[in-house]
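Novice:
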Amino acid sequence: MRQIAFSITVGLFCAATVVFAAPQTLVITKSVRANPTLYFAGVPGDAELTKAMTSFLAACGWFDLTRDSKAEYVLTGSRNGNRVAFTMTTGGAPAGSWAVDLNGSVRQVAQRTVDSIIQQNFKELKVKNFCSTKIAFCAQTAPGVKNIYACDIDGDDVQQITNYNALCVEPCWFPGGKSIGYSKYGRTGMDVVETVLNPKRSRVLTSFRGINSGAAISPNGRELAVILSPDHTVDLYIMPVGRRAMRRLTNNIAVEASPCWSPDGREIAFVSDETGMPKIHVISVDRKNHRVLKSLGSDAVTPDWSSDNKIVYATKVNGNYTLAVYDMKTGKSTRITEEPGNWESPAWAADNRQVVCKRSDGRRSALYVVDSWTGKSRLLVSTPYNLSMPAWSRAGSR
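Residue numbers for the sequence shown follow the working numbering, beginning at 350 and rising by one.
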């Protein structure tokens, strides 16, 4: 478990150094696929690049790093001026070679190199630039104060995105990863805000009377799914990004929350208590189809839809929240976390395998990454403050 130190400045508060330090029986079935082992010999004479490469090789989730030089894969590197050559072997036979120019930061070089390695060796990873994706999350640094931060997939390079003396929650990424949407509590209510990361600037996307929350951006980046209450009932709406025209998808006395889009943009999954307890619902954007998914446990909440058509969600089992994955093709759910604690607010990585989530032990919450294939988890970021609501940016298709 890694601990990372960084500095936070929140609103009018002083800078602080933060050390990231219903009951039922379920059958748990996982698709256990062991990762190949990898021995990385490092880059002689370049400790900084060796450290960054090791960090991203471990965080990418597709190798199990080992100190045993007899591992299934062996990766070596050698530097010559402004260029580094990497060679991979398996069983002594060549398995790939990469020549990398040292352009950009050391971490960017490591990201590009590890991306090339995993893309060549794992055909099921149908994305590019995976190691360059980011994870946004909320950090509560004072009572009534939460702001949005973002980090790399290894939990390092933490950056503060918002800086308000207010509550900023429910971050979501726009396609391309260049901006983040979120709900911001103000003196008169809630707004949905978009913040462009570089150069940093913000605009209000929705500011209707009442609730403006749970924003989710469609795969094409043109539409916004959002929870609104303009007439004092909490319902799901969609609207064009940057415009106030809205279309209502639900209209009942139930409370809706946590929308997310299907990969083709034709449906939206969301949470509703219409049946008496929170369940995952799916509705088509033309309102012609509306169904309730059969989930494990009770109180199924916070769904996220992968690009290969699976929905991960949190659900209560024996008094605690655990994570489960619903396969839209088979209609079956699989539990993916068994360790103690409450596992909540899951979000898919672009590899459709890993999930980032919040895990709390009753005292403090931290961010973890869970491998949905094996159930293994790793600590991503931990602080003396509570962390929550992570969202993983998408990568481009191969």
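In this text, a Cβ means the ideal position worked out from N, Cα and C, and glycines have one as well.
Does the beta-carbon of residue 437 have 16 or more other beta-carbons within 10 angstroms, so that it is buried, or is it exposed?
Specialist: Counting from 1 along the sequence shown, the entry for residue 437 is found at position 88. Buried, since its Cβ has 16 or more Cβ neighbours within 10 Å.
Novice: To the nearest angstrom, how far is it from the Cα of residue 521 to the Cα of residue 565?
Specialist: Walking along the sequence shown from the start, residue 521 turns up at place 172. Walking along the sequence shown from the start, residue 565 turns up at place 216. One C-alpha to the other measures close to 6 Å.
Novice: When DSSP builds the beta bridges, which residues end up paired with residue 534?
Specialist: As a first step, residue 534 is located in the sequence shown; it is residue number 185 there, counting from the start. DSSP, once it has assigned bridges, lists 539 as partnering residue 534.
Novice: Enumerate in chain order the residues of its own chain whose CB-to-CB distance from residue 571 is below 8 Å, with the five nearest sequence positions on each side excluded.
Specialist: Translated into positions along the sequence shown, residue 571 becomes position 222. Counting only Cβ-Cβ distances below 8 Å, and skipping sequence neighbours, we find 589, 590.
Novice: Grab me the residues of residue 471's own chain with a C-beta within less than 8 Å of its C-beta, minus the 5 sequence neighbours each way, in chain order.
Specialist: Against the sequence shown, residue 471 aligns to sequence position 122. Excluding residues within five positions, the ones whose Cβ falls inside 8 Å are 411.
Novice: Going by DSSP in three states, residue 710 sits in which element: helix, strand or coil?
Specialist: On the sequence shown, position 361 is the one that residue 710 refers to. In the structure shown, residue 710 sits in coil (DSSP, three-state: anything other than H, G, I, E or B).
Novice: Which same chain residues, not among the five before or five after residue 748, have their C-beta less than 6 Å away from its C-beta?
Specialist: Look at the range of the chain in this structure, 350 to 747, and you will see that residue 748 is not part of it.
Novice: To the nearest angstrom, how far is the alpha carbon of residue 399 from that of residue 729?
Specialist: Reading the sequence shown from its first residue, position 50 is the one you call residue 399. Reading the sequence shown from its first residue, position 380 is the one you call residue 729. About 20 Å.
Novice: Could you tell me the alpha carbon to alpha carbon distance between residue 533 and residue 606, rounded to whole angstroms?
Specialist: Taking the first residue of the sequence shown as position 1, residue 533 is located at position 184. Taking the first residue of the sequence shown as position 1, residue 606 is located at position 257. So the alpha carbons of these two residues sit roughly 16 Å apart.
Novice: Between residue 647 and residue 677, how many whole angstroms is the CB-CB distance? I'm expecting something under 8 Å.
Specialist: One-based indexing of the sequence shown puts residue 647 at position 298. One-based indexing of the sequence shown puts residue 677 at position 328. That belief does not hold up - the Cβ atoms of residue 647 and residue 677 are roughly 21 Å apart, past 8 Å.
Novice: Tell me which same chain residues have a C-beta within less than 7 Å of the C-beta of residue 656, skipping the five on either side of it?
Specialist: In the sequence shown, counting from the first residue as 1, residue 656 sits at position 307. Cβ within range, chain order: 612, 701.
Novice: Spatial neighbours of residue 739 within its chain, please: C-beta separation below 6 Å, excluding the five flanking residues on both sides.
Specialist: The residue you call residue 739 lines up with position 390 of the sequence shown. Taken in chain order, the residues that qualify are 484, 486, 696, 705, 716.
Novice: How would you label residue 630, buried or exposed, when you count the other beta carbons within 10 angstroms and need 16 or more for buried?
Specialist: On the sequence shown, residue 630 is found 281 positions in, with the first residue counted as 1. When all chains shown are included, residue 630 counts as buried.
Novice: The beta strand (DSSP E) that contains residue 458, what's its start and end?
Specialist: For the purposes of this step, residue 458 is taken as residue 109 along the sequence shown, with counting starting at 1. Premise fails: residue 458 lies in the alpha helix (DSSP H), 455 to 470, not in any beta strand (DSSP E).
Novice: Helix, strand or coil for residue 728 per DSSP?
Specialist: Within the sequence shown, numbered from 1, the residue matching residue 728 stands at position 379. Correct three-state label for residue 728: strand.
Novice: Once the 5 residues before and after residue 561 are set aside, which same chain residues still bring their CB inside 8 Å of it?
Specialist: Within the sequence shown, residue 561 is the residue found at index 212, counting from 1. The residues are 532, 538, 539, 540, 541, 555, 575, 576, 577.
Novice: Residue range of the beta strand (DSSP E) that residue 572 falls in?
Specialist: One-based indexing of the sequence shown puts residue 572 at position 223. Residues 572 to 577.
Novice: Along the alpha helix (DSSP H) that carries residue 419, what are the first and last residues, could you check?
Specialist: Position 70 of the sequence shown, counted from the start, is the residue given in the question as residue 419. Taken as a continuous stretch (DSSP letters only), residue 419 belongs to no alpha helix (DSSP H), as it is neither H nor E.
Novice: Closer than 6 Å by C-beta to residue 691: which residues in its own chain qualify, once you throw out the five before and the five after it? Chain order, please.
Specialist: Locating residue 691 in the sequence shown gives position 342, where the first residue counts as 1. If we look at residue 691 and ignore the five residues flanking it on each side, its Cβ neighbours are 669, 670, 709.
Novice: Enumerated in chain order, which unbroken segments of the alpha helix (DSSP H) with a length of 4 residues or greater are wholly contained in the stretch 561 to 617?
Specialist: Those alpha helix (DSSP H) runs which fall completely within the stretch 561 to 617 and span 4+ residues do not exist here.
Novice: Check whether the Cβ atoms of residue 401 and residue 461 sit closer than 7 Å, and answer yes or no.
Specialist: What you label residue 401 is simply residue 52 of the sequence shown in a count that begins at 1. What you label residue 461 is simply residue 112 of the sequence shown in a count that begins at 1. Going by C-beta atoms, residue 401 is not nearer than 7 Å to residue 461.
Novice: Taking residue 643 as the reference, which of 450, 654, 681 has the closest Cα?
Specialist: Position 294 of the sequence shown, counted from the start, is the residue given in the question as residue 643. Ranking the options by Cα distance to residue 643, first place goes to 681.
Novice: Using only CA atoms, which one of 459, 638, 468 lies nearest to residue 501?
Specialist: For this step, residue 501 is matched to residue 152 along the sequence shown. Out of 459, 638, 468, 459 has the C-alpha closest to the C-alpha of residue 501.
Novice: Could you say which of 569, 592, 628, 638 lies nearest to residue 598 if we only look at CA atoms?
Specialist: Taking the first residue of the sequence shown as position 1, residue 598 is located at position 249. The residue with the shortest Cα to Cα distance from residue 598 is 638.
Novice: Give me the Cβ distance between residue 503 and residue 618, rounded to the nearest whole Å; I'm assuming they're in contact under 8 Å.
Specialist: Walking along the sequence shown from the start, residue 503 turns up at place 154. Walking along the sequence shown from the start, residue 618 turns up at place 269. Incorrect: roughly 29 Å between the Cβ atoms, too far for contact.
Novice: Kindly indicate which three-state DSSP category residue 402 falls into: helix, strand or coil?
Specialist: Taking the sequence shown and counting its residues from 1, one reaches residue 402 at position 53. Note: residue 402 maps to helix in three-state DSSP.
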